[in-house]
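Those letters in the sequence shown? Residues 14 to 147, by this note's numbering.
Note that the Cβ used here is the ideal one computed from N, Cα and C, for glycine as well.
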Amino acid sequence: MSKRAEIKTRLNILKALAGLHLFEVKCEASTIKELDKLAFKILTQAKRRAPIRTGALRASGRVMPKGLKTRIIGFGGAGTGVNYAGTVEYGSATNRPQPYLRPAFFAVKKEYGKNLVRSYKNNWAIASRLGSSL
């Protein structure tokens, strides 16, 4: 009788481990998906907030992946012909600051946490069903 209990316990542990592994994999994928959504929402908001003189600053906005879990939202720079994005954001001795990127980030960042928590809860529900099934 005790051997049967040991085998059943071992199978339950293996199922639980499979559920935990599934949770880890799904959370990794969810995190990257939510990060990409967040980056593009920030970019959209920043483009809306950017001042317009010629439209070149807005047109130069882009999201650049840097590694698996890092996204850079940039304006201006190499090849865009816009070398004044930082001056517009932070100002200079002769120009007042007209922030567009930082306010966009702060407007959108709360969504990231909420969406990620919702995604993790869904992933946990799926993984726990797998791990607890007999």
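task = Return the first residue and the last residue of the beta strand (DSSP E) that residue 76 is part of.
result = By 1-based counting over the sequence shown, the position of residue 76 is 63. From DSSP, the beta strand (DSSP E) with residue 76 extends over 75-78.
query = Considering residue 84, what are the terminal residues of the beta strand (DSSP E) in which it resides?
reply = Along the sequence shown, read from residue 1 onward, the residue named residue 84 stands at position 71. Per DSSP, residue 84 belongs to the beta strand (DSSP E) from 84-87.
message = Let me check one thing: in DSSP terms, what residues is residue 90 bridge-paired to?
response = Residue numbering aside, residue 90 sits at position 77 when the sequence shown is read from its first letter. Residue 90 pairs with 95.
request  = Report buried or exposed for residue 127, applying the criterion of at least 16 other Cβ atoms within 10 angstroms of its Cβ.
outcome  = Here residue 127 corresponds to residue number 114 of the sequence shown, with the count starting at 1. Classification of residue 127: exposed, given that the 10 Å Cβ count is below 16.
inquiry  = Here's a check: name, in chain order, each residue in its chain whose Cβ is nearer than 6 Å to the Cβ of residue 51, leaving out the five neighbours to either side.
reply    = Along the sequence shown, one-based indexing puts residue 51 at 38. Closer than 6 Å at the Cβ level, and outside the excluded window around residue 51, lie 125.
key: Cβ shell of residue 47 (< 7 Å), same chain only, five flanking positions each side left out   = One-based indexing of the sequence shown puts residue 47 at position 34. Cβ within range, chain order: 125, 128, 129, 132.
key: Spatial distance of residue 57 from residue 67 (CA atoms)   = What you label residue 57 is simply residue 44 of the sequence shown in a count that begins at 1. What you label residue 67 is simply residue 54 of the sequence shown in a count that begins at 1. For residue 57 and residue 67, the distance between alpha carbons rounds to 18 Å.
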